[in-house]
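Numbering (my numbering), first residue to last: 39 to 237.
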């Protein structure tokens, strides 16, 4: 599966290549890649959004050039940009110079057909979906009282650390509760949980 990088930054190219420990097919602009749409038929395309044509990036995210998964990078990331590019169809959005471990995690998540959402945005999404999640959902009857309490904290967009502090338990216990909740309700993550509770 090919891994492409669109950037005009030699330092970003070196950083990503070292972090992912693989050869990258590098293009200096989206327009150069757009001339060879067959290169986007599959694989993953990492795009340095800084100084790129936003219309072309939107088309790439939507799949107009092929089925490749798109990860958008920015040296000055914002939640607004994350919503913009994830909403357009990108499989991930993050700081271009994230730690190598983070870049490796993103690569693994996207390769497994997942979507990478940063912690801050994840908390905002949970808070937003939590506002419409039903507190009287029959699904909650499957959970223990303690698990329902964890769901209540998720509805407020709290992190595992905040939940642990508020419930006076360890983060490990919070994770165990979340694993049990996800298993009982058949969802992979907290956003999907809140979406399911809101339907």
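Where a beta carbon is used, it is the ideal one built from N, C-alpha and C, also for glycine.
- In the same chain as residue 68, and ignoring 5 residues on each side of it, the C-beta atoms closer than 8 Å to its own belong to 44, 85, 90, 91, 94, 95 and 98, in chain order.
- Straight through space, the alpha carbons of residue 229 and residue 211 are spaced by roughly 20 Å.
- The alpha carbon of residue 136 has as its nearest neighbour, out of 46, 50, 170 and 149, the alpha carbon of 50.
- Here residue 115 is buried. Its C-beta has 16 or more other C-beta atoms within 10 Å.
- For residue 110, no alpha helix (DSSP H) encloses it; the enclosing beta strand (DSSP E) starts and ends at 107–112.
- Straight through space, the alpha carbons of residue 159 and residue 196 are spaced by roughly 12 Å.
- The residues 231 and 234, in chain order, have a CB closer than 7 Å to that of residue 225 in the same chain once the five nearest residues on each side in sequence are set aside.
- Residue 125 sits exposed, since fewer than 16 C-beta atoms from the chains shown fall within 10 Å of its C-beta.
- Residue environment analysis places residue 82 among the buried positions, since at least 16 neighbouring C-beta atoms fall within 10 angstroms of its C-beta.
- Pairing residue 111 with residue 129 gives a Cβ-Cβ distance that is not under 8 Å.
- Put simply, the backbone Cα of residue 178 is about 7 Å away from that of residue 186.
- Pairing residue 146 with residue 65, the inter-Cα distance amounts to about 22 Å.
- The beta carbon of residue 199 lies closer than 7 Å to those of 209 in the same chain, with the five residues before and after it left out.
- DSSP places residue 167 in the uninterrupted alpha helix (DSSP H) bounded by 157–170.
- Rounded to whole angstroms, residue 217 and residue 162 show a C-alpha spacing of 21 Å.
- Taking 8 Å as the cut-off, the Cβ atoms of residue 236 and residue 170 count as close.
- For residue 198, the uninterrupted alpha helix (DSSP H) segment begins and ends at 198–205.
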